[in-house]
Amino acid sequence: MNKVLCAAALALVLSGCGDDHSDAPAAASSTPVISGTATDGGASTPVQTPVDTGTDTGTDTGATSGSGSTVHGATTTDGDTTPMLTLVPATQPDTGTAATDTTPMLDLVPATQPATGTDAGTETGTGTATTDSGTATTGTGTAVTDTAATNTATTDAASQTSTTGLQPVKHFQFAATANIVAPGTSTETGQCAGNVDKADIIGAVNVYSKFYQNACYTGTSYSNANYPIASGQLSSGDEHFTAYQFSAPQQSASNSQDNFVASKHYVRLKLENNQAVNLYQYDASLNKFNLLAHVDAAPDANGYTAVDALNLDDISDTMTVVVVDANAAAPSTYFQVADNVMAAQLADVAGLQSVNAYEVSLDSSITPKAVADFTAGPGDDANKYGQNHYYSVLKLSDGQVGVVWQDREKFTNYLTKFNPSSYASTTLTLPSASSHKDYLVAASTNDDNGNIYYVLFEAGNTDPNYNKNSDPHKSLSAVLIKTDESGKLLGEKELNDSQNTLNMTYFGDLHHETNVVSLKYANGKLALLYSRLHNQTADGLNHQGADGIVLDANSLTLVKSWGQFSGHSFSNVLSVADDQNFIAIDLGDNYPRGVNFHRFNASDRNSRVVYTFKTAHGTVAAHDGRGPFAPYYTDIAGQQTYQWSNDNKTYTELGGIADVDDGYAVVFASEHDAQGRVLNNAQTSFDNPSDPHNIVNARNIGFVKVSPSFEQASGSGNVVSDDLVVSHGDYAAEEGEYYSFDGNQMPQRDTGIKWLTHYDASDVGHNASRVKVAKTDANQLLVLWEEWNKTSYLQTKVALVSKDGDLVSQPATVGGVRVNRRDELLNLDNSVWSVTGDKNAHSLQFIELKLKP
7 MNKVLCAAAL
17 ALVLSGCGDD
27 HSDAPAAASS
37 TPVISGTATD
47 GGASTPVQTP
57 VDTGTDTGTD
67 TGATSGSGST
77 VHGATTTDGD
87 TTPMLTLVPA
97 TQPDTGTAAT
107 DTTPMLDLVP
117 ATQPATGTDA
127 GTETGTGTAT
137 TDSGTATTGT
147 GTAVTDTAAT
157 NTATTDAASQ
167 TSTTGLQPVK
177 HFQFAATANI
187 VAPGTSTETG
197 QCAGNVDKAD
207 IIGAVNVYSK
217 FYQNACYTGT
227 SYSNANYPIA
237 SGQLSSGDEH
247 FTAYQFSAPQ
257 QSASNSQDNF
267 VASKHYVRLK
277 LENNQAVNLY
287 QYDASLNKFN
297 LLAHVDAAPD
307 ANGYTAVDAL
317 NLDDISDTMT
327 VVVVDANAAA
337 PSTYFQVADN
347 VMAAQLADVA
357 GLQSVNAYEV
367 SLDSSITPKA
377 VADFTAGPGD
387 DANKYGQNHY
397 YSVLKLSDGQ
407 VGVVWQDREK
417 FTNYLTKFNP
427 SSYASTTLTL
437 PSASSHKDYL
447 VAASTNDDNG
457 NIYYVLFEAG
467 NTDPNYNKNS
477 DPHKSLSAVL
487 IKTDESGKLL
497 GEKELNDSQN
507 TLNMTYFGDL
517 HHETNVVSLK
527 YANGKLALLY
537 SRLHNQTADG
547 LNHQGADGIV
557 LDANSLTLVK
567 SWGQFSGHSF
577 SNVLSVADDQ
587 NFIAIDLGDN
597 YPRGVNFHRF
607 NASDRNSRVV
617 YTFKTAHGTV
627 AAHDGRGPFA
637 PYYTDIAGQQ
647 TYQWSNDNKT
657 YTELGGIADV
667 DDGYAVVFAS
677 EHDAQGRVLN
687 NAQTSFDNPS
697 DPHNIVNARN
707 IGFVKVSPSF
717 EQASGSGNVV
727 SDDLVVSHGD
737 YAAEEGEYYS
747 FDGNQMPQRD
757 TGIKWLTHYD
767 ASDVGHNASR
777 VKVAKTDANQ
787 LLVLWEEWNK
797 TSYLQTKVAL
807 VSKDGDLVSQ
817 PATVGGVRVN
827 RRDELLNLDN
837 SVWSVTGDKN
847 AHSLQFIELK
857 LKP
C-alpha cells in the first residue's frame, strides 16, 4: 500500500453550536462510600471495584512546552463561545477576512511537500518442490508491498543531508497560544446533565466527567479536578500542526481511600461537518508520533464527539496531541525516501558513524508485533520469564536485509526485504503449515544458498498446570518450513509425532509467549533450541525446560536429539562459532542455576555454567513433607529464612554470545550488591506478596569470556573455575551456596565478571534490560540495551566493547530507538541492524547502527 504524504491545515473556527449549559447542575452527589454496593435513591455512590494489583508498565511521555512560531491572526468570535474544529484544505490561504466568519484560518502547510511515487508491483513465485521428507507442497510468495528506488523525495532541508544521504530527523516544539485550568465540572450528555461549562473549554476541546457506575462525579472528595491544558501549534521548521498539551490534574480527590477515584474525566471534540480525524501523541523522548485514536464524528446534543482514548485522570506527566484530518498522511519526524519508506538520521553517537532509521509502511490489513506488546520491566513478575522472538533479521543472498515475522492476529507469515542502498522494500507472504492450525512463527534462519527456514509451533492448549480443561498429554505440533527468498515452498516437515518425540505439550499463545525458540544454520545442519512445557510426569505436573536438536537442512529430518539443556529455562540465545559449531546460552533457575553455555553439533555436545547468581530461600522451617530445616539468614524484608529454596527468580536477563577468536564472549544483565557480590542471598526476599522483590539491586551488564577449551576446565555444576572463565574480573572470585528444594547444599562460584555499566547497586531506578549483542567486523562487540526503572522505559544506550570486555566507547544514549525483549541483531557490511514493529501505524522500523570504517 502506498502512503502519500501531505499536510493537513487545521483551524479552530468559532461557529454556531448547542446551548451553553454552564449553569446546569452536575449529577446528584453526596459523600460516596468506597465499598459495598451502590445505594438506592438520589445519592450518587460509587462502588469500589477490586483493586488491580497488576503493574502498569506503560510509559507516559510527551513534549514539554517550548518556543516556536505563534498562530497567525487573532482569534475572534462571532457571538458564540464554543469553537469548532475545522479541517481546512492545505492550499487555503490564511485570510481571516471572510464576511461570514471573522476567525482566521491557520495555514499549516510545510514549505514543500515530499514527492511520492506510485510504483507498485507484485512478486510471485510458484512451483512444486519435493524433498527427502516427502512433505513439500505447492507454495506461493505474493508481494503485498513494493517500492522503486527512483521514488525518492526532495525537501527544503536537502542542504542538511548527512554523510549517509539521509536528512537529520525532525524535532518538533510546542508553542502555546492559550492556556486554561479546566475544573472538570462539565458532564456527559445523556447519562448525566450534559452541561458544557465555559471554564472547561479551550479551542475545540471540552473536558467533561464521564458517567461511572451511577453518576458523573465532579465533587472534589472523590474526583480529581483542575486539569491544565494548552492549545497551540507543534512545529518543526515550516511544518505545523494544531496541537494540545494535557497535563496531570493539579488537585487530587481529597477523601479517596486506597487510591480510589470515582472521576473519569475525558476529552471531547467539536468537529465541523462531521469530519473524521486522527489524534497522534508526540513522544518527545523518542521524537516520534504515535497514533492515539481514530475519531469518527458522533456529536452529542451539544455537538461534541467523545474521545475515549484521552482519559485525563490517567496522565501522569504532559501529553502533546496533534489533530489531523483522517484522510491526510500521518505526521512524521522522518522524510520520505521511497514509495513506502520514510527515513532520517537519528543521531551522532560516539564510536559510531551514524544511527539511521527507516520506517517501512505495510498494507493496513497487516498488524505487526510491537514493543508495546511486552512492557514488563525488571521489577515486574512477567520479566523474569522469557519472551519469544518477534522478528528474525537475516542477510539475504542479494545483500538485502530480510525479516521473517508474523501477523499474530491472523497467523499470517511474512518476509520483508529492505535494500539499504536504494531504500526499496518488498513484503511477501510466506507459506504456513498445511495442517491449517494456528501456528506461531517461533524462530527463523537462512543459509548461504538463498534458502529460508522457519519453525512453527502450534498455539493454544493453555497451560495444563493451571487449566484443567487443557490436555496435559497433548502432542504439540511443530512444523519446520523451507522456502526460497521469493516465498516458494521447498519443504515442510512435522518435527513432532503422535508419540510426542519432542516431548512438547504447551508452547504459548498470542499473549503469553513466554517460551523461547532459537534456530540457526551451519554446514548443512540446523540447530533448534526450544523451551516449552513437557508432557505430564508422575507428579501430576507439566514441567518446563529447554531441549536442543540437530536437523538435516536438506531433508529437514532429525539427526540428533540432545535432550534437556536446562530446566527451568527462561530464555536462550543461539549462534554459530567460526568453526561452524553451534554455541548457545540459556538461563536456568534450578537445573542448573545460572547462565548455561553450550557448544554442540550433530555428534558432540559440551555444557557448563559460566555465571551463577543469588537465591531467595524459604521462610518456613518445613514444606511439602520436607524438613524441618535449619535457620539460614535474614532476608531484605527482615524475614528469617531456612536452608531450602524454590526461587524461580534469576535476577538476570540474557544478552548474547560471540566467538571472539580466543574464547567465547557471554553478555548478560544481572545484579550485584554495593561490594560487587552476586551471590549475596540476603539481597533477596521469598514469598512476599506486598513486594515480590523481582529486583533488589540495580541490573548492570556483565561480560565473561569462556575458554575455547572450556570442556576441559576444572569444576562442575554451579562452580565457575578460573580455567573455565578466563576474563579478568572487576572483583575477586566469589564463592557461595544455595540450598535446593530438598535442602541439599549446592556450592556456587563466580569469577572473571567485567561490568560494562555502573548503575548504583542501591538505586533500582536505573537498570539495563533488553540487552543485545552483535560481533563487529573489527572483532569487537556492539552492545545495545534499554535503560529502565523498575517498571518503565527510560532510554536506549549503546557501547562498543573489546573482545576482552573493555569499553572501546563509553555508553551513549541513542534517541528514537526501541528494541524488543529477545530479538537479535544482524551485522551486515559493517552496519548493525535491529527491527521493531508499530501495530497502530502498520509499519516496521529498521534501525541501522552504522559503524566507522
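Under my numbering, think of the first position of the sequence shown as 7, with each following residue one higher. The beta-carbon is built from N, C-alpha and C at its ideal position, and this holds for glycine as well. Remember, it's a predicted structure, so these values are computed and weren't measured experimentally.
List, from N- to C-terminal side, the beta strand (DSSP E) runs of 3 residues or more that fit wholly inside the region 270 to 320. 271 to 276, 283 to 289, 294 to 301 and 310 to 317
Helix, strand or coil for Thr144, going by three-state DSSP, please let me know. Taking the first residue of the sequence shown as position 1, residue 144 is located at position 138. For Thr144, the predicted model reports a pLDDT of 39, less than 50, meaning its position is unreliable; a value from the coordinates is still stated below. Correct three-state label for Thr144: coil.
Minimum C-alpha distance to Ala349 - residue among Gly735, Tyr340, Val447 and Val725: As a position in the sequence shown, residue 349 is number 343, starting the count at 1. Nearest of Gly735, Tyr340, Val447 and Val725 to Ala349, Cα basis: Tyr340.
Comparing C-alpha positions only, which one of Met510, Lys488, Ile458 and Arg776 sits nearest to Lys480? In the sequence shown, the residue the question calls residue 480 occupies position 474. The residue with the shortest Cα to Cα distance from Lys480 is Met510.
Which residue wins for smallest C-alpha separation from Asn687, given the options Gly708, Tyr657, Thr543 and Leu298? Residue mapping note: residue 687 aligns to position 681 of the sequence shown, counting from 1. Nearest C-alpha to Asn687: Tyr657.
Is it buried or exposed, Ala680, if we count other Cβ atoms within 10 angstroms and call 16 or more buried? Indexing the sequence shown from 1 puts residue 680 at position 674. With fewer than 16 other CB atoms across the displayed protein chains lying within 10 angstroms of its CB, Ala680 is exposed.
Exposure of Gly661, with buried meaning 16 or more beta-carbon neighbours within 10 Å: Within the sequence shown, residue 661 is the residue found at index 655, counting from 1. Result: buried.
If we ignore side chains and look at the alpha-carbon of each, how far apart do Gln351 and Tyr648 end up? The residue labelled residue 351 in the question sits at position 345 within the sequence shown. The residue labelled residue 648 in the question sits at position 642 within the sequence shown. Spanning the two alpha carbons is a distance of roughly 56 angstroms.
Please state the DSSP three-state secondary structure of Asp503. On the sequence shown, residue 503 is found 497 positions in, with the first residue counted as 1. Residue state, collapsed to three classes: coil.
In this structure, how does DSSP classify Thr43 when only helix, strand and coil are distinguished? Taking the first residue of the sequence shown as 1, we reach residue 43 at position 37. At Thr43, the pLDDT of 27 sits below 50, so the modelled position is not reliable and the matter cannot be decided from this model.
Locate the beta strand (DSSP E) running through Tyr527, then write down its first and last residues. The count along the sequence shown starts at 1 and reaches residue 527 at position 521. Tyr527 -> beta strand (DSSP E) spans Val523 to Ala528.
With which residues is Trp794 paired in a DSSP beta bridge? Counting from one through the sequence shown, the residue named residue 794 turns up at place 788. DSSP output for Trp794 lists Asn773 and Tyr799 as bridge partner(s).
Out of Asp369, Pro859 and Glu677, state which residue places its alpha-carbon closest to the alpha-carbon of Lys845. Within the sequence shown, residue 845 is the residue found at index 839, counting from 1. Closest option to Lys845, Cα to Cα, is Asp369.
Closest by CA to Asn457, which one among Gly546, Val485, Phe571 and Leu495? Walking along the sequence shown from the start, residue 457 turns up at place 451. Selected option, being the one with the closest Cα: Leu495.
8 angstroms contact criterion, which Val366 and Ser849 should meet: CB distance rounded: Counting from 1 along the sequence shown, the entry for residue 366 is found at position 360. Counting from 1 along the sequence shown, the entry for residue 849 is found at position 843. Yes, they are in contact, since the Cβ atoms of Val366 and Ser849 sit about 6 angstroms apart, within 8 angstroms.
Pairwise C-alpha distance: Ala636 and Phe692: For the purposes of this step, residue 692 is taken as the residue at position 686 of the sequence shown. For the purposes of this step, residue 636 is taken as the residue at position 630 of the sequence shown. Phe692 and Ala636 have their alpha carbons spaced roughly 16 angstroms apart.
What does the alpha-carbon distance come out to for the pair Pro31 and Ala182? Translated into the one-based positions of the sequence shown, residue 31 becomes position 25. Translated into the one-based positions of the sequence shown, residue 182 becomes position 176. A caution first: Pro31 carries a pLDDT of 34, below 50, which makes its placement in the model unreliable, though a value can still be read off. For the pair Pro31 and Ala182, the Cα-to-Cα distance works out to about 31 angstroms.
Classification of Ser577 by the beta-carbon crowding that lies within 10 angstroms, buried from 16 upward: Translated into the one-based positions of the sequence shown, residue 577 becomes position 571. Label assigned to Ser577: buried.
Beta carbon of Val616, beta carbon of Phe603: below 8 angstroms? Translated into the one-based positions of the sequence shown, residue 616 becomes position 610. Translated into the one-based positions of the sequence shown, residue 603 becomes position 597. Yes, the pair counts as a contact, with Cβ atoms nearer than the cut-off.
Apart from the five residues on each side of it in sequence, which residues of its chain come closer than 8 angstroms, Cβ to Cβ, to Pro817? As a first step, residue 817 must be located in the sequence shown, where it is residue number 811. Excluding positions up to five away in sequence, the list reads Leu762, Thr763, Lys803, Val804 and Ala805.
By how many angstroms is the C-alpha of Ala290 removed from the C-alpha of Glu854? Here residue 854 corresponds to residue number 848 of the sequence shown, with the count starting at 1. Here residue 290 corresponds to residue number 284 of the sequence shown, with the count starting at 1. The straight-line gap from Cα to Cα measures roughly 21 angstroms.
Proximal residues to Gln412 (C-beta, below 6 angstroms), its chain only, five neighbours per side dropped: Here residue 412 is taken as the residue at index 406 of the sequence shown, counted from 1. Only Asn419 and Val447 meet the Cβ criterion.
Secondary structure of Gln406, DSSP reduced to three states: As a position in the sequence shown, residue 406 is number 400, starting the count at 1. Here Gln406 sits in coil by DSSP.
If Gln239 and Thr248 are in contact, beta carbons under 8 angstroms, what's the gap, nearest whole angstrom? Along the sequence shown, one-based indexing puts residue 239 at 233. Along the sequence shown, one-based indexing puts residue 248 at 242. Their Cβ separation, rounded to whole angstroms, is 7 angstroms, which keeps Gln239 and Thr248 in contact under 8 angstroms.
Could you have a look at Ala388 and say whether DSSP puts it in helix, strand or coil? Here residue 388 is taken as the residue at index 382 of the sequence shown, counted from 1. Note: Ala388 maps to helix in three-state DSSP.
Exposed or buried, Gly385, counting other C-beta atoms within 10 Å across all chains shown (16 or more means buried)? Residue mapping note: residue 385 aligns to position 379 of the sequence shown, counting from 1. Counting other Cβ atoms within 10 Å of its Cβ, Gly385 reaches 16 or more and is therefore classed as buried.
Enumerate in chain order the residues of its own chain whose CB-to-CB distance from Leu831 is below 6 angstroms, with the five nearest sequence positions on each side excluded. Counting from 1 along the sequence shown, the entry for residue 831 is found at position 825. Apart from the 5 residues on each side of it in sequence, Leu831 sits with its Cβ closer than 6 angstroms to the Cβ of Lys778, Ala780, Val838 and Ser840 in its chain, given in chain order.
How many whole angstroms separate the CB atoms of Glu194 and Phe217, which I take to be in contact at a CB cut-off of 8 angstroms? Position 188 of the sequence shown, counted from the first residue, corresponds to residue 194. Position 211 of the sequence shown, counted from the first residue, corresponds to residue 217. Contact between Glu194 and Phe217 is confirmed by a C-beta separation of about 5 angstroms, below the 8 angstroms threshold.
Just to confirm the assignment: which complete beta strand (DSSP E) runs, minimum length 3, are found wholly within the region 818 to 855? 832 to 834 and 837 to 844
The beta strand (DSSP E) enclosing Phe463, as first and last residue numbers: Position 457 of the sequence shown, counted from the first residue, corresponds to residue 463. Counting along the chain, the beta strand (DSSP E) containing Phe463 begins and ends at Asn457 to Glu464.
Selection from Gly624, Ser428 and Tyr391 that minimises the alpha carbon distance to Asp748: As a working note, residue 748 is residue 742 in the sequence shown. Of the candidates Gly624, Ser428 and Tyr391, the one whose C-alpha sits nearest the C-alpha of Asp748 is Gly624.
Cutting at 7 angstroms between CB atoms, please list the residues of its own chain near Arg683, excluding the five before and the five after it. To locate residue 683, count along the sequence shown from 1; it is residue 677. Only Glu740 meet the Cβ criterion.
On the DSSP letters alone, give me the boundaries of the beta strand (DSSP E) that Val556 sits inside. In the sequence shown, counting from the first residue as 1, residue 556 sits at position 550. Here the beta strand (DSSP E) through Val556 covers Gln550 to Asp558.
Burial state of Thr507, where buried means 16 or more other Cβ atoms lie within 10 Å: As a first step, residue 507 must be located in the sequence shown, where it is residue number 501. Thr507 is exposed by the Cβ-count criterion.
Extract the residue ranges of the beta strand (DSSP E) inside the region 173 to 252, only unbroken runs of 3 or more that lie entirely within it. 179 to 188, 211 to 215 and 233 to 242
Leaving out the 5 sequence neighbours to the left and right, which residues in its chain are closer than 7 angstroms to Asp302 when beta-carbon positions are compared? The residue you call residue 302 lines up with position 296 of the sequence shown. If we look at Asp302 and ignore the five residues flanking it on each side, its Cβ neighbours are Ala282.
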